[in-house]
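Protein chains in written order, with this note's numbering: chain A, 51 to 677; chain B, 6 to 203. All C-beta atoms, glycine included, are put in the ideal place defined by N, C-alpha and C. Below is one structure, written out as structure tokens; comments come after it.
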Amino acid sequence: MTAKRILMGNEAIAFGAMKAGLQVASGYPGTPSTEVMETIASHASKYGIYAEWATNEKVALETAVGAAYSGANTLVTMKQVGLNVASDPLMSLSYIGVKGSLVILVSDDPGPHSSQTEQDTRAFGHFSNIPVLDPSTPQEAYDMAKLAFKLSHEMEIPVILRTTTRVSHGCADVVTEDIEQADRDIEGYVKEPRWTIFPKLTAQRHPWLEDLQVRLSDRFSDLFSENTFNSITKGNSRIGIASSGVSSLYAKEAIKDHSETLSHFKVATIYPFPEKAALEFLSDITDLIVIEELDPYLEEQFLQLIGKHHLNVNVYGKKKGHFPVSGEYDVDAVIDGVNSSLQAMNTDFPLLNHSTPVVARENIPPLPVRPPTFCAGCMHRTVFYAFKKAAAKLKKENGKGTVFSGDIGCYTLGNAQPLNMVDTCLCMGAGISMAAGLSHTQQYQDGNYAKQVAFIGDSTFFHSGIAAMISAVYNNADITLAVLDNRTTAMTGHQPHPGIGLTAMGKPTKAIDIAEVLRSCGVELVETIGADDLGECINMAKKAIEYEGPSAVVFKGKCVGITKATGQYVIDEDKCTGCNFCVSQLGCPAIFSMSSGIPQIQDNCTGCSLCAQVCPSDAIVLREVLQ
Amino acid sequence: MKFDILIAGVGGQGVVLASRLLATAAIDAGYHVATAETIGMAQREGSVTSHVRIGDEVCGSLIPAGNADLIIGLEPAEAARNIHFLSKDGSIVVNEHAVIPSASANNTEYIPEQVIEFLKENCQETINVDFTQLAKEAGTYRAANVAMLAAAAGADLLPFDPDELWSVLEKMVPEKYRELNRKAFDMSLEKVSDIRRA
Ligand code: SF4
Ligand code: SF4
Numbered sequence: 051m052t053a054k055r056i057l058m059g060n061e062a063i064a065f066g067a068m069k070a071g072l073q074v075a076s077g078y079p080g081t082p083s084t085e086v087m088e089t090i091a092s093h094a095s096k097y098g099i100y101a102e103w104a105t106n107e108k109v110a111l112e113t114a115v116g117a118a119y120s121g122a123n124t125l126v127t128m129k130q131v132g133l134n135v136a137s138d139p140l141m142s143l144s145y146i147g148v149k150g151s152l153v154i155l156v157s158d159d160p161g162p163h164s165s166q167t168e169q170d171t172r173a174f175g176h177f178s179n180i181p182v183l184d185p186s187t188p189q190e191a192y193d194m195a196k197l198a199f200k201l202s203h204e205m206e207i208p209v210i211l212r213t214t215t216r217v218s219h220g221c222a223d224v225v226t227e228d229i230e231q232a233d234r235d236i237e238g239y240v241k242e243p244r245w246t247i248f249p250k251l252t253a254q255r256h257p258w259l260e261d262l263q264v265r266l267s268d269r270f271s272d273l274f275s276e277n278t279f280n281s282i283t284k285g286n287s288r289i290g291i292a293s294s295g296v297s298s299l300y301a302k303e304a305i306k307d308h309s310e311t312l313s314h315f316k317v318a319t320i321y322p323f324p325e326k327a328a329l330e331f332l333s334d335i336t337d338l339i340v341i342e343e344l345d346p347y348l349e350e351q352f353l354q355l356i357g358k359h360h361l362n363v364n365v366y367g368k369k370k371g372h373f374p375v376s377g378e379y380d381v382d383a384v385i386d387g388v389n390s391s392l393q394a395m396n397t398d399f400p401l402l403n404h405s406t407p408v409v410a411r412e413n414i415p416p417l418p419v420r421p422p423t424f425c426a427g428c429m430h431r432t433v434f435y436a437f438k439k440a441a442a443k444l445k446k447e448n449g450k451g452t453v454f455s456g457d458i459g460c461y462t463l464g465n466a467q468p469l470n471m472v473d474t475c476l477c478m479g480a481g482i483s484m485a486a487g488l489s490h491t492q493q494y495q496d497g498n499y500a501k502q503v504a505f506i507g508d509s510t511f512f513h514s515g516i517a518a519m520i521s522a523v524y525n526n527a528d529i530t531l532a533v534l535d536n537r538t539t540a541m542t543g544h545q546p547h548p549g550i551g552l553t554a555m556g557k558p559t560k561a562i563d564i565a566e567v568l569r570s571c572g573v574e575l576v577e578t579i580g581a582d583d584l585g586e587c588i589n590m591a592k593k594a595i596e597y598e599g600p601s602a603v604v605f606k607g608k609c610v611g612i613t614k615a616t617g618q619y620v621i622d623e624d625k626c627t628g629c630n631f632c633v634s635q636l637g638c639p640a641i642f643s644m645s646s647g648i649p650q651i652q653d654n655c656t657g658c659s660l661c662a663q664v665c666p667s668d669a670i671v672l673r674e675v676l677q
Numbered sequence: 006m007k008f009d010i011l012i013a014g015v016g017g018q019g020v021v022l023a024s025r026l027l028a029t030a031a032i033d034a035g036y037h038v039a040t041a042e043t044i045g046m047a048q049r050e051g052s053v054t055s056h057v058r059i060g061d062e063v064c065g066s067l068i069p070a071g072n073a074d075l076i077i078g079l080e081p082a083e084a085a086r087n088i089h090f091l092s093k094d095g096s097i098v099v100n101e102h103a104v105i106p107s108a109s110a111n112n113t114e115y116i117p118e119q120v121i122e123f124l125k126e127n128c129q130e131t132i133n134v135d136f137t138q139l140a141k142e143a144g145t146y147r148a149a150n151v152a153m154l155a156a157a158a159g160a161d162l163l164p165f166d167p168d169e170l171w172s173v174l175e176k177m178v179p180e181k182y183r184e185l186n187r188k189a190f191d192m193s194l195e196k197v198s199d200i201r202r203a
């Protein structure tokens, strides 16, 4: 039975995987990939699947690999930067392959909307010799999830299903099929030398791996004639368009009035490049426009092919500057790129038209900007502010400054004004290691800095903080660690983690105590404190910074995304002097002030009382108190 | 048939839920639909938008500039920020209730009334009501998104009618909030019919 329902691309992938017989799934949350695992976890018991959040992407992949070696159908999920963490096992895995099946869902983020990089997983597929499927809609994501499992099983290789934000986080009507219970009957692990990577085995397998690329390329070429995800539509001119992923849809819409003239090569099985089909497509093309987000991957494949076969085809894409090399595309960007290519082409083909908006973007009057910031009442605001105050005190007392190393999560927003508390931020876990590195510089040894302070969230601590902390202690780094423990993985939508005591499937489990872990890592001063009382937080921050040797404070508090508001604060107009201290110091999105007059507190106040604690005139009070 | 709706607001205002509701209603009415939503870092009190494309053909989820048939602005400045998406004969439903960003030093001064004026000057068919206030009267300011969808349906600005929309809402809103949402929905319907009559 099939049914049509509205699904987010990520949900569609989960359903596709479950339909394909998924048995074991592991992942680490990362926007825009998270909902795949969330959907699987919420259906896991119903279909007899095992699903988990691993501590990081490397662990997630290795877990799936283990299960796959036993013959299970497995899935691992992550975002593009997560793939970097998992790249170590990945690169070796391509030589060995799997039994059962292993699909690696990686979500890219052109734009980027929520990421440190705009990296292109298609290139990673190429680099690691692992086939990549690149769907353009939630429906294709569903269908290609199934294809990925099939391919993986058939060829005994891992397969990457790569999405971009617009596919992962777009919703659409998707036709899905009934899902059966996952089959529990797997062969089990059978000892074989093929599962132990060793130089000799690598040397043996490399030719197989290279040959596999050729076979897959042919296989993908054949898929064009079946006209499924890959398709060729022939036009009657000698101008062709090639596209991949969601850009295929933008291209289709941009050229909709010219579909009889322009040929279109839409490739969804993106790596290995379907060479035979591409050659066939090029046979009556003289000018090729390549439309793709992120890297010029498709363009390079075409250029290579054209060179290899001495074809007389001009290629218009990113390399000659017709399309942007970064950022997200849309129909308008594609129209501009196509027009720029047409102009360079010396053709009488008409330029494509944009629709005329009522007001052009340039003519919108200046509006207030709204940079992302901590939610009203977020515990992180209190902790960052406490460290800011403590550092200022120490600076006064002994003249030494402080460097604050941030990390990845909601608390990256500690960089926002007016807190401005993130001096470095690189990738997950790097805050600790970088603080350690900074502490070993001569400048620090000479006493020019008070202490290096690193901030990390609870989930990130487990992801990659522990190893960094062990290294810091072992190497005598004099750093202070602030763990911002709000009892959830907040940025990606509140997943549990090892500190919570709940698994992805909602089963109770052992909770790992962060403070205990820190003690066992050899940190001498480890304190745990609630994040409600600003004064206490300042004292604790100061104590930890002043301590000689590695120190750590675990701040426990609330994420307002999952907790209830405790009340609302208001400004007592009689007492407020209009100093605006609350606004200028904290940046809480619930308080604002117009150019003149006293500040006001909006509905989204959750009652954390931080503003009341900083108000020099005691003018901020609980609403009930004032009434 | 093609109908493009852009929903704009501030993180936490319920933009994503509004877009899911419209998408579901569109499927129930037998159309293809594609949405693009803002999720993640930018949601934290930032400007968020959701594109909802309803039609007979599958297409990309991002609305091209100048193509939106309707802008639903949960916040005035956010509606204005996205007005370049509106087509020549599109309409706007906008919440008069402004969410003022926490003052950072060199931000543009925000005068919501001026922004509403700007919208009305550029779009004949602009419905502006303080939907947050209306929702508060119904029971919670959080239902402003539902009230705005009701207004759009009530004013005939959607490809489905208020009853079709409500039957989706009924399924999607958790039981304990249902009555409250129904109240906001009805109050809003009444409000637009008053505006229409006037
Ligand atoms: S979601 Fe939670 S952790 Fe993130 S900014 Fe909001 S309150 Fe803070
Ligand atoms: S109490 Fe003050 S700081 Fe806390 S959420 Fe409300 S307005 Fe913001």
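Taking CB distances under 9 Å as the criterion, tell me whether residue i reaches chain A.
i              : result
residue 113(B) : yes
residue 67(B)  : yes
residue 91(B)  : yes
residue 136(B) : no
residue 36(B)  : yes
residue 172(B) : no
residue 178(B) : no
residue 42(B)  : yes
residue 29(B)  : yes
How many Å lie between residue i and residue j at the Cα?
i              : j              : result
residue 125(A) : residue 113(A) : 10 Å
residue 89(A)  : residue 648(A) : 47 Å
residue 95(A)  : residue 192(A) : 21 Å
residue 595(A) : residue 482(A) : 14 Å
residue 423(A) : residue 651(A) : 16 Å
residue 619(A) : residue 432(A) : 16 Å
residue 198(B) : residue 160(B) : 7 Å
For residue i, would you say it is in contact with chain B, using Cβ-to-Cβ distances shorter than 9 Å as the test?
i              : result
residue 419(A) : yes
residue 471(A) : no
residue 205(A) : no
residue 411(A) : yes
residue 221(A) : yes
residue 349(A) : no
residue 477(A) : no
residue 618(A) : no
residue 587(A) : no
residue 388(A) : no
residue 543(A) : yes
With a cut-off of 8 Å on the beta carbons, I'd call residue i and residue j a contact; round off their distance for me.
i              : j              : result
residue 74(B)  : residue 92(B)  : 6 Å
residue 194(A) : residue 279(A) : 6 Å
residue 678(A) : residue 271(A) : Limits of chain A in this structure are 51 at one end and 677 at the other, which puts residue 678(A) out of reach.
residue 166(A) : residue 458(A) : 7 Å
residue 43(B)  : residue 28(B)  : Not a contact, Cβ separation roughly 15 Å.
residue 588(A) : residue 439(A) : 5 Å
residue 98(B)  : residue 177(B) : Wrong, their Cβ atoms sit about 20 Å apart, outside the cutoff.
residue 52(B)  : residue 83(B)  : 6 Å
residue 216(A) : residue 67(B)  : 7 Å
residue 478(A) : residue 455(A) : Their Cβ separation, rounded to whole angstroms, is 13 Å, which puts residue 478(A) and residue 455(A) out of contact at 8 Å.
Compute every distance between the C-beta of residue i and the non-hydrogen atoms of ligand 3, then say whether any falls below 8 Å.
i              : result
residue 619(A) : In terms of ligand content, the structure shown lacks ligand 3 and carries ligand 1 and ligand 2 instead.
Across the stretch 325-336 of chain A and the stretch 398-413 of chain A, are there enough close Cβ pairs to call them in contact, namely three or more that are closer than 8 Å? Touching, no, given that fewer than three Cβ pairs across the two stretches are closer than 8 Å.
Is there contact between the stretch 439-458 of chain A and the stretch 30-45 of chain B, where contact requires at least three CB pairs shorter than 8 Å? Touching, no.
Is it a yes or a no for the stretch 136-149 of chain A touching the stretch 94-110 of chain A, going by three-plus beta-carbon pairs under 8 Å? Result yes; three or more Cβ-Cβ pairs closer than 8 Å.
Please specify which runs of the beta strand (DSSP E), each continuous and at least 3 residues long, are wholly inside the stretch 308-391 of chain A, giving them in chain order. Runs of the beta strand (DSSP E) inside the stretch 308-391 of chain A: 313-317, 319-321, 337-341, 364-366.
Is the stretch 524-544 of chain A touching the stretch 455-469 of chain A, taking contact as three or more C-beta pairs under 8 Å? The stretch 524-544 of chain A is in contact with the stretch 455-469 of chain A.
Could you pull out every unbroken beta strand (DSSP E) segment of at least 3 residues lying fully inside the stretch 579-622 of chain A, listed in chain order? For the stretch 579-622 of chain A, whole beta strand (DSSP E) runs of length 3 or above, ordered along the chain, are 601-606, 619-621.
The stretch 397-407 of chain A / the stretch 613-628 of chain A touching (three or more Cβ pairs under 8 Å): Touching, no.
Measuring CB atoms only, is the stretch 255-266 of chain A touching the stretch 296-311 of chain A, in the sense that at least three cross pairs come out at less than 8 Å? The stretch 255-266 of chain A and the stretch 296-311 of chain A do not touch, with fewer than 3 CB-CB distances between them shorter than 8 Å.
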